[in-house]
Amino acid sequence: MTQTAADTSAVLTAHDSLVLASMESAIEKDLVTAWLERQRAANPDAEVDVLELPQPDAPASELAALAARLEVGEDRSIVPVRVFWLPPADRGRIAKVAGLLPGRDPYHPNERRQREILRAAPHRARVVAGEPATVSELRRQWRDTTVGQDNTDFAQFVIRRAILAMERVEYRILGPQYKSPRLVKPEIIASARFRAGLKKIPGATVEEAGKMLDELATGWSRVSVDLVGVLGRAISRGFDPEIDYDEYQIAAMRAGLDAHPAVLLFSHRSYIDGAVVPVAMQENRLPPVHVFAGINLSFGAMGPLLRRSGVIFIRRNIADNPLYKYVLREYVGYIVEKRFNLSWSIEGTRSRTGKMLPPKLGLLAYVADAYLDGRSEDILLQPVSISFDQLHETAEYAAYARGGEKTPEGLGWLYNFIRAQGERNYGKIYVRFPEAVSMRQYLGAPHGPIAQDQDAKRLALQKMSFEVAWRILQSTPVTATGLVCALLLTTHGAALTLSQLHHTLQDSLDYLERKQTPMSTSALRLRTREGVRAAVDALSNGHPITRVDGGREPVWLIGPNEQHAAAFYRNSVIHAFLETSIVELALAHAGRADGDRMEAFWAQAMRLRDLLKFEFYFADSAAFRDHIAEEMAWHDDWRSHVAAGADDIDAMLFAKRPLMSDAMLRVFFEAYEIVADVLRDAPADIGEKELTDLALGVGRQYVAQTRVRSSQSVSTLLFATARQVVVDQNLIAPAADLAERRTAFRRELRDILRDCDHIGRIARNQFVAREARARLAGPDNQVL
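According to my numbering, the stretch in the sequence shown is residues 1 to 784, in order.
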C-alpha cells in the first residue's frame, strides 16, 4: 500500500509495530515523522517503535540495534517506510538525459531540490509503506531460505526484505516498466540453496562466486528506464522514429506477462536488436527485460552504462568452467523465480545472411532447469520478430561473405556504428510478438520425469526452440526491400524499367496475399507504380541498387559489387517462398524422370528438404508433405498432369505464378556445388578453414568464367552450411568408396542446378510474354 505526505488512512493497525524508516535527509525525516503522527492519531492504541533502517552493509553496531528490536516479540509487525519522490510528469528528453548528472537524479533529489519540490509540487513527495510482515514470518523465511546463523544475519535479511517491499510499492506507482531486481548478489550469496550447490564444486569459494555475480548482476535504474527511448532512438537513428507494432499481439503478450515470467527470444540481424527490445517494452508500458549480451560488448564506459540498463554480460567460452556455469544457472533461476523477464537472441549471434540461423540451446537449458526445479509454475517463451527495411550492416556482411575479418568491438567501432546509422534513411523497424510458447506444455510439470532424463529434456528444448523460431518466421512481414532485391538479382546485372518492375512484382504479391503472409506497408504499396518507385529509390545510390538516368526513362539494376548485400535482403523473404520453390524443383525433376513421375516428385521434394535443412526451418515430414500438396492445389488435377510427362509439367510451370526457385534457391545449390567440386580431389577429413579457402578460390574462378551465375554463391557464409551438408552426407570421413560418393553428390547438385536453369528459362518466357502483352496494351493500359 502507499501513502502520500497528506494521507491519513491507517497502516499501523497491529498492536505492536516496528517501523523501519529510511530517511536520508532532514526533510525526509520531517515527512516520515509527520506521517507517523497521523498513523498514531488514527490508531491511538497501537504501540509504535521507530528505527532508522540500516543499509545492508551497515556496521555491526547498527545491525545489533536492529537485532535487539527484533527480539522484542515474534508477533511484532515490521513496517518499512520511506519517502518516494515522483519525477515531473512532463519531463522532456533533455531533462531525462540530465538525470544522469550528479545531483540531478529526479528519484533521489538532493536536499535543496527536495525543498523546491515541497514548495512547488508537494504531491510529488509520498511516504510509502511496504507490506508489513511479522517477525515470526520473517524468521521462518530466513531459516528456510538462507544460511544465516545468528541475529546479525537475521537483521541483514530483514533489511533486504524491507528494501524489496518498498521497491514493490514504488514500481506499482510508476508502472510495470520500472520493475527491476535489487540486491541480487546478497540474496543469492545468502541462499542456502546456492551454498549447498557451491559445496559440490571442487575448489569453489564464496568469494570467487561473488566476483562472478558482480560480473553478471544487472538491473534497471529508474533513470535508465526513462532514457530507454532516448538512447534506443539515438542508436537506431536513421530509421522512422515510429516502430511498427501489432497492437493485438501486444495486448496478448501483456496478459501473458501478468501471469508468468517470460524469456523474449528475438531474431538477430543487427547490433541494434538488443536496444529495440527494451524500447518496444517501454513504449508499450510492459515490464523491462534483462538482455543477455556477449562480454565483448562490455568495453570502456559502455559496460557500466549498459549494466544499469538491464544488460547481462556473459562469457563466451564457459565449457571448462563449472563454477561459472553454476553461478550463471543460479543467477538465471533467481531472476525467473522473482518473475523478472529475460531476453536474448534465439540464434545466438547476428545472422549475416538475412535468414534465420538454427537456435542455440545453452541459456534456454538454464531456464528449463529453473522451471523443472519448481522456481516458477510456468515460463513463457515469447517469440520476437525484429526486421528492418534496410540495414547499414549489410556492407559488413558482404565483406564477411568475401572472406573478410570481423571488426573487434571498441569505442572506435561504436563511434563508427552510430555515425553510419545517421548517414541516410533506412526506413522502418518492424517488431512482432507472436503467440508465446509454454515451457510447461513441452516439459510437463516441475519435478516431473523429464527432469531426470537429459536426453528427453534436450529433445523437448529442441522442439520448443524450433517452435519459437517457426513462429518468428511466420510473423515476420515481407518487405518491399526483400521483394525488389529478389527480383533484380534474377536479372544478373540487367536493368529493369519501372513498368517492368511493377508488373513482375504483382505475381509475388498475389501469392503472398493468397497465403495470407504478413507484409509490411512498403510491400503492400508495391501494388502501385508510385510504391515501386519509392522502394527502388530508397535502395538507390548503391544501397544496393543502382539507378541509371539519362535515357528515355530511368532503369534500376544491382551491380556485381552489391550482390552480396542485396542477397541479405532477398534471403530475409525466402521463408515465404520456400515451399513453393521446392515444388518447382520437384516438378522439374519429375519432368526428366523415368518411371513413376509422382513418386519421383515426392522423393525429390523430400530430398530437397533434407539438403536444405541446415539453411531453413521446415515443418516435420508429415506436415511438410501436406504443405507441398497445398502448394500444388493451384493447378486442377495436378497429379494426372505430373504423371503425363515433361510437356504437361512444363505447361504447369508456365502457368504457375510466381516462379521463384531460380530466384530464391539457386545460390545455395551453387555454393554446395562449388564445395562438392573442391571435394573431388581433396583429402578425407579436410579441415573447415582449408575447405572454405579452397572453395573461395574455385568460386572466384567460376565467377570469372561465368560458370556460376553471380558472386552471391561465393560466400564464406554459404560455404559454412555447405560443409554441414557434406558432413551430414558422410562425405568427409574416410571410406573406401568416398571418391565415388563425392562424385555422385556433385552430379546430383549439377542436376538440381539444371532444373534451376530450366525453371529460369520458363520464368523468362513468362516475362517476355507479359512484356509483349503490355506493349500491345499501350503505356497507359499496362496488362497486369
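For each residue, glycine too, the CB sits at the ideal point set by N, CA and C.
- A distance below 6 Å between beta-carbons, with the five flanking residues on each side excluded, links Ser385 to the following residues of its chain, in chain order: Ser267, Arg432, Ile472, Ser475, Thr476.
- In this structure, Pro359 and Ser465 form a Cβ contact; the two beta carbons are roughly 4 Å apart against a cut-off of 8 Å.
- Residue pairing of Asn341 in beta bridges, as defined by DSSP: Val289.
- Residue pairing for Tyr430: DSSP places it in a beta bridge opposite Asp244, Ser387.
- Counting only runs of 4+ residues, the alpha helix (DSSP H) found wholly inside the region 437–487 occupies 439–443, 454–475, in chain order.
- Rounded to whole angstroms, the separation of the alpha carbons of Arg195 and Ser77 is 30 Å.
- Membership of Ala671 in the alpha helix (DSSP H) is indicated by the continuous run 666–679.
- Around Pro109, the same chain offers Trp85 as residues with beta carbons nearer than 6 Å, after the five sequence neighbours per side are excluded.
- Just so you know, the alpha carbons of Ala480 and Ser343 end up roughly 29 Å apart.
- DSSP places Arg126 within a strand segment (E or B) once states are collapsed to three.
- Of all C-beta pairs linking the region 314–329 to the region 150–165, fewer than three are shorter than 8 Å, placing the two stretches out of contact.
- Between Tyr442 and the set Leu381, Ala736, Thr528, the nearest pair of CA atoms involves Leu381.
- Counting every other CB atom within 10 Å of its CB across the protein chains shown gives Gly448 a total below 16, marking it as exposed.
- With distances taken between CA atoms, Lys689 lies nearest to Ala722 out of Tyr178, Thr491, Tyr702, Ala722.
- Just so you know, the alpha carbons of Arg307 and Glu377 end up roughly 28 Å apart.
- Leu717 carries a helical assignment under DSSP once its states are collapsed to helix, strand and coil.
- Taken in chain order, the complete alpha helix (DSSP H) segments of 4 residues or longer contained in the region 719–781 are 738–777.
- Nearest in C-alpha terms to Leu213, of all of Ile188, Pro202, Arg193, Leu227, is Ile188.
- In the DSSP assignment, the residues bridged to Ser22 are Arg82.
- A check of alpha carbon separations from Lys29 across Arg709, Val83, Asn541 identifies Val83 as the nearest.
- Ranked by Cα distance from Asp647, the first of Asp105, His589, Asn730, Ile250 is His589.
- Between the C-alpha atoms of Gly203 and Tyr334 there is a straight-line separation of about 23 Å.
- The shortest CA-to-CA distance from Tyr617 to any of Gly697, Trp470, Ser661 is the one to Trp470.
- For Arg237, DSSP records a beta bridge to Phe239.
- In this structure, DSSP gives Val555 an extended state, which the three-state scheme calls strand.
- Around the beta carbon of Arg269, 16 or more other beta carbons sit within 10 angstroms, so the residue counts as buried.
- Cβ neighbours of Ala60 within its own chain (closer than 8 Å, five residues either side excluded): Thr152.
- Every unbroken stretch of the alpha helix (DSSP H) spanning 4 or more residues and falling wholly within the region 359–417 is given here in chain order: 362–372, 394–401.
- For Thr546, the CB contacts under 6 Å within the same chain, skipping 5 residues up- and downstream, are Leu557, Gly559 in chain order.
- If you ignore the 5 residues before and after Val277, its C-beta comes within less than 7 Å of the C-beta of Leu264, Phe266, Val289, Val291, Ser343, Val384, all in its own chain and listed in chain order.
- The alpha-carbon separation between Arg741 and Ile732 amounts to approximately 10 Å.
- By the criterion of a C-beta distance shorter than 8 Å, Gly256 is surrounded in its chain by Ala262, Leu380, Gln382, Ala436, once the five residues flanking it on both sides are discounted.
- Here the region 392–409 makes no contact with the region 492–501; the two share fewer than three CB pairs at distances below 8 Å.
- For Val667 against Phe601, the beta-carbon gap comes to about 24 Å, at or over 8 Å, which does not count as contact.
- The C-beta of His575 has 16 or more other C-beta atoms within 10 Å across all chains shown, which makes the residue buried.
- Per DSSP, reduced to three states, the secondary structure at Ser351 is coil, with no helix or strand assignment.
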